[in-house]
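Here's the structure, in structure tokens; my notes come after.
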């Protein structure tokens with residue numbers, strides 16, 4: 001079965017602190033994709049990153065970085081020097097490659113609410 | 001600008017009434033999806049459609065219905081059979097068979113009064 005677990009329900013940090021959001025996934029497939037989305041208070045989910053299962057290189061984009069480790073089935077997300085504007089719910093998601101050519105459904109974790117205090 | 005438009009943003013329904021949530025996209029995406037979001041439960045898939053005039057049930061389809069008469073439109077009807085319809089509903093779209101993830105609408109918050 002496919003599953004995404006975000007064990008941290010809520011995290012509260014003070015501005016400029018670094019924070020890591022954890023994501024652990026389960027899949028039987030060898031080819032799959034992992035995503036992070038941000039949901040600000042407005043409600044719309046904003047795409048942050050996609051990573052395929054063959055690419056274990058860590059990625060950095062400004063203050064954001066992602067650590068993908070297949071050995072532990074984890075895809076963690078770190079925000080460096082957090083800002084108040086980072087306050088949002090963050091979702092990790094998994095998409096399995098469907099060899100039948102069907103639509104690749106996303107399976108979401110339950111989300112982590114990040115509150116950055118000024 | 002291309003994107004997904006959901007309307008209305010807020011919707012109130014009396015018990016026993018059907019209500020339809022609108023979702024329109026101008027991204028020329030093949031696939032469209034409806035998700036329901038409840039506090040602490042993440043996003044759960046209601047229905048999805050890969051092509052016009054075809055759609056499949058997701059994990060929580062009971063009490064919902066959809067149609068896909070046009071590529072751009074994927075309306076969701078919340079019927080009176082849905083026992084707990086108060087939730088935040090998100091529509092999304094993607095290019096079929098690719099893995100670039102979804103583009104989401106801004107959501108509709110449905111409240112039963």
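Chains as they are written, first to last, in this note's numbering: chain L, 1 to 118; chain P, 1 to 113. A virtual CB, placed ideally from N, CA and C, is assigned to each residue, including glycine.
Please list the partners that residue i has in chain L, where partner means a Cβ-to-Cβ separation under 8 Å.
i: residue 105 of chain P; result: 44
i: residue 88 of chain P; result: 43
Which bits of chain P does residue i rub up against, with CB to CB less than 7 Å?
i: residue 111 of chain L; result: 42
i: residue 108 of chain L; result: 42, 43
Using the beta-carbon of each residue, which ones in chain L are nearer than 7 Å to residue i?
i: residue 45 of chain P; result: 105
So with CB distances below 8 Å, who are the chain P contacts of residue i?
i: residue 120 of chain L; result: In the structure as shown, chain L begins at 1 and stops at 118. Residue 120 of chain L is therefore absent and cannot be evaluated.
Under the three-state reduction of DSSP, which class applies to residue i: helix, strand or coil?
i: residue 105 of chain L; result: coil
i: residue 65 of chain P; result: strand
i: residue 89 of chain L; result: strand
i: residue 38 of chain L; result: strand
i: residue 16 of chain L; result: coil
i: residue 3 of chain L; result: strand
i: residue 27 of chain L; result: coil
i: residue 9 of chain P; result: coil
i: residue 52 of chain P; result: coil
i: residue 78 of chain L; result: strand
i: residue 113 of chain P; result: coil
i: residue 86 of chain P; result: coil
i: residue 79 of chain P; result: coil
i: residue 57 of chain P; result: strand
i: residue 70 of chain P; result: strand
i: residue 65 of chain L; result: strand
Name the chain P residues whose beta carbon is nearer than 9 Å to that of residue i?
i: residue 91 of chain L; result: 42, 43
i: residue 47 of chain L; result: 100, 101, 102, 103, 104
If we call anything under 8 Å between Cβ atoms a contact, is residue i one with residue j?
i: residue 32 of chain P; j: residue 49 of chain P; result: yes
i: residue 46 of chain L; j: residue 87 of chain L; result: no
i: residue 94 of chain L; j: residue 25 of chain L; result: yes
i: residue 30 of chain P; j: residue 51 of chain P; result: yes
i: residue 23 of chain L; j: residue 108 of chain L; result: no
i: residue 62 of chain L; j: residue 88 of chain P; result: no
i: residue 3 of chain P; j: residue 103 of chain P; result: yes
i: residue 20 of chain P; j: residue 77 of chain P; result: yes
i: residue 9 of chain P; j: residue 108 of chain P; result: yes
i: residue 101 of chain P; j: residue 35 of chain L; result: yes
i: residue 118 of chain L; j: residue 84 of chain L; result: yes
i: residue 38 of chain L; j: residue 53 of chain L; result: no
i: residue 47 of chain P; j: residue 40 of chain P; result: no
i: residue 50 of chain L; j: residue 32 of chain L; result: no
i: residue 42 of chain P; j: residue 91 of chain L; result: yes
Between residue i and chain B, is any beta-carbon pair separated by less than 8 Å?
i: residue 19 of chain P; result: Absent here is chain B; the protein component of the structure consists of chains L and P.
| On the three-pair Cβ rule with 8 Å, is the region 74-91 of chain P touching the region 11-30 of chain L? | Too few Cβ pairs lie closer than 8 Å, so no.
| message | Count Cβ pairs between the region 105-115 of chain L and the region 1-11 of chain L that sit closer than 8 Å; are there 3 or more? | response | A contact exists between the region 105-115 of chain L and the region 1-11 of chain L.
| query | Is there contact between the region 69-78 of chain P and the region 17-26 of chain P, where contact requires at least three CB pairs shorter than 8 Å? | reply | The region 69-78 of chain P, when compared against the region 17-26 of chain P, does touch it at the 8 Å Cβ threshold.
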